[in-house]
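Residue numbers (numbering that gives the first Met the number 0), protein chains in the order written: chain X, 0 to 295; chain S, 0 to 295.
There are 2 protein chains.
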Amino acid sequence: MKKNSIKVGLIQQASSHNTGENLDRIIPEIKRLASMGAELITLQELHNSIYFCQAEDPSIFDLAETIPGESTEILSRVAANNKVVIVSSLFEKRAPGLYHNTAVVFDSDGSIAGKYRKMHIPDDPAYYEKFYFTQGDIGFEPIQTSVGKLGILVCWDQWYPEAARLMALKGAEILIYPTAIGWEHTDAEEEKARQYDAWFTIQRGHAIANGLPLVAINRCGFEPDWTGNTKGITFWGQSFVCGPQGEILFKADSTSSNGFLVEISKNRTEEVRRMWPFFRDRRIDAYGEITKRYID
Amino acid sequence: MKKNSIKVGLIQQASSHNTGENLDRIIPEIKRLASMGAELITLQELHNSIYFCQAEDPSIFDLAETIPGESTEILSRVAANNKVVIVSSLFEKRAPGLYHNTAVVFDSDGSIAGKYRKMHIPDDPAYYEKFYFTQGDIGFEPIQTSVGKLGILVCWDQWYPEAARLMALKGAEILIYPTAIGWEHTDAEEEKARQYDAWFTIQRGHAIANGLPLVAINRCGFEPDWTGNTKGITFWGQSFVCGPQGEILFKADSTSSNGFLVEISKNRTEEVRRMWPFFRDRRIDAYGEITKRYID
Chain X
0 MKKNSIKVGL IQQASSHNTG ENLDRIIPEI KRLASMGAEL ITLQELHNSI
50 YFCQAEDPSI FDLAETIPGE STEILSRVAA NNKVVIVSSL FEKRAPGLYH
100 NTAVVFDSDG SIAGKYRKMH IPDDPAYYEK FYFTQGDIGF EPIQTSVGKL
150 GILVCWDQWY PEAARLMALK GAEILIYPTA IGWEHTDAEE EKARQYDAWF
200 TIQRGHAIAN GLPLVAINRC GFEPDWTGNT KGITFWGQSF VCGPQGEILF
250 KADSTSSNGF LVEISKNRTE EVRRMWPFFR DRRIDAYGEI TKRYID
Chain S
0 MKKNSIKVGL IQQASSHNTG ENLDRIIPEI KRLASMGAEL ITLQELHNSI
50 YFCQAEDPSI FDLAETIPGE STEILSRVAA NNKVVIVSSL FEKRAPGLYH
100 NTAVVFDSDG SIAGKYRKMH IPDDPAYYEK FYFTQGDIGF EPIQTSVGKL
150 GILVCWDQWY PEAARLMALK GAEILIYPTA IGWEHTDAEE EKARQYDAWF
200 TIQRGHAIAN GLPLVAINRC GFEPDWTGNT KGITFWGQSF VCGPQGEILF
250 KADSTSSNGF LVEISKNRTE EVRRMWPFFR DRRIDAYGEI TKRYID
């Protein structure tokens, strides 16, 4: 009989400057979640470090590493030892002066199942990612693993329906967004509430549009701006999982630095897409201009 | 000084079989909302009749009319008399055997500013639209009016991020969805809640993805299936308006057959898109395959 659910672990944490310290927090959580039955473990964006894009600092490039490299070797062992698929998020050094924000997926035997290089790169106050990351060149390709085909997208990709759609059209069975988003302290409370709610809502929208379950793993904790330029970011946590109608299956609070285990039905996509067959009615004859910057 | 807000009227109503009766309910509401300052009035999908797609019945085609035709003449006069822009939704007879679900926009001088033929046509139990409507062939073209460029989309279009995106790329300043959606009585209460919430959420998602305000006008009331095939539909009302971060500006309840007036800021799009410049970072080099049915 075909197994019809999957147990997914989400690790939402406050992170420090020190990679070893971060891994020492992550690895025991992976072990704990695996022992509870997790088959797939998802980590937040750039989990090995602080969210260093708060400021433009050339010395930060020292944190980048090759893929494969030291971190992938460690995580590969952790995946194999715990027999879990792991979605990680690393600062990839591809060549001198060429860096990416890259999700690496390990299969439960420890092999690298594939990687995704963040396609949409933000640049706004306190999120200076265009300084650090070259935009991805692998495209929107789901990664085949022993637990299914994973549509990994990263943070800023969250705002682009095109990204989720392409992953779905290529057979992704679940959308996964490692992310690092929070509040800048100068924003008013109502603005903060709108920002968080927009983030939550648009991702649920991608799940609905594509009839897919979705996992978003966000960091938590306050991180000061070491250059003193801004007043720092409070990452808003609230990692969540929703089903293919956008229905909330799990939602963490904004501060818990913790791992969570959520069971996702694999049948719901088929059920929901039969009822709402959006793919059947797409007007592919009329979408061509989506590849334009603006139509004027 | 450039005016930076627009007052929008939404007319959410229970409808009957009788076109005259329906217009007799709609026209006084247009007058009332215009007298309160409405500059743009939005009507629900197929407001002149019941939602006849509950069953496939060839005699229903008698309800269709040409554009221009009787209804457009009436609504044109109402627009001119009340100096308001009106978004209407009609059953268009284009040629024998060729019918569309067509939104017609009247400018405040009574002229027809443009029309939009519903592009995505559903067909699922109690929504047998493929029997009645040929899919639109005008494409996703916003309609220029004296109150701005309107991105009109209709009902099933609500589920397609591509439709909203194309309207936005073509300069729409507001997204408007006349719609007729409700609950079939055999669905469980939790399923009904999920359906409504998915509908509400995905549209807010389109507003967020495109940094545009959005108006959804849905019918209310119970309509029996005159063929006895199903147990009828309870249209869920809850017409709403949200801003460019998806923030709720107005939400009607599920049963009020009424007109509502909502003020929308026209500055917010510029403000929000400066803060979240999604259009800047779209990976138009990597979206080409969106024009495929499926990528396998």
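Glycine included, C-beta positions come from ideal geometry on N, C-alpha and C.
* Starting from the Cα of P212/X, find the closest Cα among M166/X, I289/X, A13/X and give me that residue. => Of the candidates M166/X, I289/X, A13/X, M166/X places its Cα closest to the Cα of P212/X.
* For R203/X, decide whether its Cβ has a neighbour in chain S, counting only Cβ atoms nearer than 7 Å. => Closer than 7 Å to some Cβ of chain S, the Cβ of R203/X qualifies, so yes.
* Determine whether the Cβ of F199/S lies closer than 7 Å to any Cβ atom of chain X. => Not flagged as an interface residue toward chain X: F199/S, since no C-beta distance is shorter than 7 Å.
* Asked: For the region 238-274 of chain X, which segments carrying the alpha helix (DSSP H) assignment without a break, of at least 4 residues, lie completely within its bounds, in sequence order?
  -> If we require 4 residues or more, the alpha helix (DSSP H) runs fully inside the region 238-274 of chain X come out as 267-274.
* **First and last residue of the uninterrupted beta strand (DSSP E) at L200/S** => Note that residue 200/S corresponds to Thr in the displayed sequence, not to Leu. Segment 188-209 is the alpha helix (DSSP H) holding T200/S; no beta strand (DSSP E) there.
* Throw me the rounded Cβ distance for the C154/X and I180/X pair, which I believe falls under 8 Å. => Going by Cβ atoms, the distance from C154/X to I180/X rounds to 6 Å, so yes, they are a contact pair.
* Does any residue of chain S bring its CB to less than 7 Å from the CB of P212/X? -> By this cut-off, P212/X is not an interface position.
* chain X within 7 Å of W158/S, Cβ atoms only -> Interface residue, yes.
* Just the Cα atoms here: how many angstroms apart are F259/X and I29/X? -> In a straight line, the C-alpha of F259/X is about 10 Å away from that of I29/X.
* Asked: Considering only residues of the same chain and omitting the five flanking positions on each side of P121/X, which have a CB-CB separation below 8 Å?
  -> Correct list, in chain order: E128, K129, C154, W155.
* Asked: T290/S: which of Y293/X, K291/X, Y286/X sits nearest, CA to CA?
  -> With distances taken between Cα atoms, T290/S lies closest to Y286/X.
* Asked: Between the region 5-14 of chain X and the region 233-248 of chain X, do three or more beta carbon pairs fall short of 8 Å?
  -> Three or more pairs of CB atoms, one per stretch, sit closer than 8 Å, so the region 5-14 of chain X contacts the region 233-248 of chain X.
* Compute the distance between the beta-carbons of A215/X and Y176/X, then report whether it is under 7 Å. => Yes.
* **Neighbour flag for M118/S against chain X, beta carbons, 7 Å** => For M118/S, a Cβ of chain X is located within less than 7 Å of the residue's own Cβ.
* Asked: At a Cβ cut of 7 Å, what residues of the region 162-180 of chain X count as close to chain S, listed as they run along the chain?
  -> Shown in chain order are the members of the region 162-180 of chain X whose Cβ falls below 7 Å from a Cβ of chain S: R164, L165, L168, K169, G170.
* To do: Could you confirm whether any beta carbon from chain X is found closer than 7 Å to the beta carbon of R282/S?
  => Closer than 7 Å: yes.
* To do: In angstroms with no decimal places, state the Cα-to-Cα distance between A78/S and G36/S.
  => Answer to the nearest angstrom: the Cα atoms are 13 Å apart.
* To do: Can you tell me which of S70/S, V86/S, Q157/S, I49/S puts its alpha carbon nearest to the alpha carbon of C219/S?
  => Nearest C-alpha to C219/S: I49/S.
* **Cβ pair R203/S, T178/X closer than 7 Å** => Taking 7 Å as the cut-off, the Cβ atoms of R203/S and T178/X do not count as close.
* Contacts around I137/X, its chain only, beta-carbon distance under 6 Å, and the 5 residues preceding and following it disregarded -> Closer than 6 Å at Cβ, skipping near neighbours: R116.
* **Same chain only: Cβ atoms within 8 Å of V297/S, ignoring 5 sequence neighbours per side** => Shown here, chain S extends from 0 to 295; a query on residue 297/S therefore has no answer.
* **Beta-bridge partners of R114/X, as assigned by DSSP** => The question names Arg, but residue 114/X in the sequence shown is Lys. Paired residues: V103/X.
* Could one say the Cβ of E246/X lies closer than 7 Å to chain A's Cβ atoms, at least one of them? -> Here the protein chains are X and S, and chain A is not one of them.
* To do: Using DSSP bridges, identify the partner residues of G150/S.
  => Answer by DSSP bridge pairing, in chain order: L174/S.
* How would you list, in chain order, the residues of chain X whose beta-carbon sits under 8 Å from the beta-carbon of K291/S? -> Correct list: L168, I283.
* To do: If I'm right that Y131/X touches Y98/X with Cβ under 8 Å, what's the distance once you round it to whole angstroms?
  => Right, their Cβ atoms sit about 6 Å apart.
* **Residues that E296/X contacts on chain S, provided the C-beta gap is smaller than 9 Å** => The requested residue 296/X is not part of the displayed model; chain X covers only 0 to 295.
* Does any C-beta atom of chain S lie closer than 7 Å to the C-beta of I151/X? -> Taking Cβ atoms only, chain S never reaches closer than 7 Å to I151/X, which makes this a no.
* What does a CB cutoff of less than 6 Å around F277/S pick up in its chain, not counting 5 residues either side in sequence? -> The beta carbon of F277/S sits closer than 6 Å to none of the beta carbons in its chain outside the five residues before and after it.
* Asked: Going straight from the alpha carbon of M118/S to that of A112/X, what length do you get?
  -> Taking the CA atoms as reference points, M118/S sits about 39 Å from A112/X.
* Closest residue to A197/S among E44/X, E246/X, P160/X (Cα-Cα distance) -> Comparing Cα-Cα distances from A197/S to each of E44/X, E246/X, P160/X, the minimum goes to E246/X.
* Measure the C-alpha to C-alpha separation of E269/S and P243/S and round it to an integer number of angstroms. => One C-alpha to the other measures close to 9 Å.
* Asked: Going along chain X, which residues have a C-beta under 8 Å from P57/S?
  -> Correct list: empty, because the minimum Cβ distance to chain X is about 23 Å.
* **Listed by chain order, chain X residues near W155/S by CB distance under 9 Å** => Within chain X, the residues near W155/S are F277, D280.
* **Which of helix, strand or coil DSSP assigns to F22/S** => According to the sequence shown, residue 22/S is Leu rather than Phe. In the structure shown, L22/S sits in a helix (DSSP, three-state: H, G or I).
* **7 Å Cβ cutoff, I294/X in contact with chain S** => It does; some Cβ of chain S falls within 7 Å.
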